[in-house]
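**Student:**
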Amino acid sequence: MTSANVLIENVGIKSAIRKTDFPNLDLVPSNSRIENVEQYLPMRSNYLSTLRNSIHAGLLSYDYILMDCPPALGAITLNALAAADLLIIPTQAEYFSAYALRNMMGSIRRIRQESNPNLAYRILVTLLDRRNRTHRNIFEQLQTTFGQGVFTTVIEIDTKLRESPIAGIPITQYRPTSRGSQQYRVLAQELTEYVKEEASRQTA
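Counting in numbering that gives the first Met the number 0, the sequence shown runs from 0 upward without gaps.
1. Please state if the CB of Ala81 and the CB of Asn131 are separated by a distance shorter than 9 Å.
2. Does Leu126 come out as helix, strand or coil in the three-state DSSP assignment?
3. Specify the secondary structure class of Arg43 as computed by DSSP and reduced to three states.
4. Across which residues does DSSP place Thr208 in a beta bridge pair?
5. Within this structure, are the beta carbons of Ile156 and Leu126 separated by less than 9 Å?
6. Which residue from Lys18, Thr49, Asp20 and Tyr39 puts its Cα closest to that of Val10?
7. Per the DSSP calculation, Asp25 is bridged to which residue(s)?
8. Span of the alpha helix (DSSP H) holding Ile154?
9. Going by the DSSP bridge assignment, what does Ala119 pair with across the sheet?
10. Under 8 Å: do the segment 166 to 182 and the segment 132 to 149 share three or more Cβ pairs, one atom per stretch?
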């Protein structure tokens, strides 16, 4: 079972979960059938709630669920946005990447109006080269424009980050002491603090 079965055939999400070799990490795999989701899912009424309903019906006991989406605002990504509490938007400190955030903000407003009024977002700057003045300037502009909507943590250029997917091993296992590994650990801590603050705010 894969994510395509969950989205197209309403298969229970628990039956698609697979254990991994890494502690505390399970996943729902995908395959080439996921391409059919973009074609068939919009034919349904209220299709934006398909993934959210599946997650809720599954009564999952995970502390965190990460949904990795394609870089297009199709049916899959819109379903993930409708189900998510927090959208993480990776962007490079490049002009066109930063400019594209305008379209993403429009999509966030649409999702909030139509299906998920509580959707929050944070921008994650990646592939940052601090030696590059343009990178530094764009990063500062993003901070000025979006304020707390930008993660304090940044992910700088690191060749080990390109090697770890080829090896099929998370960067924290592949090169634990590399700069990329350390920065992703700091990002995880920042995310954890965000979740705690949100939980406290909602119960206050």
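Heads up, the beta-carbon is just placed ideally off N, CA and C, and yes, glycines get one too.
**Tutor:** By the coordinates alone:
1. For the purposes of this step, residue 131 is taken as the residue at position 132 of the sequence shown. For the purposes of this step, residue 81 is taken as the residue at position 82 of the sequence shown. Taking 9 Å as the Cβ cut-off, Asn131 and Ala81 do not qualify as a contacting pair.
2. Position 127 of the sequence shown, counting from 1, holds the residue named residue 126. Shown here, Leu126 sits in coil according to DSSP, grouped into three states, outside any helix or strand.
3. To locate residue 43, count along the sequence shown from 1; it is residue 44. In the three-state scheme derived from DSSP, where H, G and I count as helix and E and B as strand, Arg43 is classed as coil.
4. The structure shown has nothing for residue 208, since the chain only spans 0 to 203.
5. Taking the sequence shown and counting its residues from 1, the one referred to as residue 156 is at position 157. Taking the sequence shown and counting its residues from 1, the one referred to as residue 126 is at position 127. Their beta carbons are under 9 Å apart, which means Ile156 touches Leu126 by this criterion.
6. In the sequence shown, residue 10 corresponds to position 11, counting from 1. The candidate whose alpha carbon is nearest that of Val10 is Thr49.
7. Residue numbering aside, residue 25 sits at position 26 when the sequence shown is read from its first letter. BP columns for Asp25 point to Lys18.
8. Here residue 154 is taken as the residue at index 155 of the sequence shown, counted from 1. First-last for Ile154: undefined, no H or E at that position.
9. Here the question's residue 119 lines up with position 120 in the sequence shown. Partner(s): Leu85.
10. no
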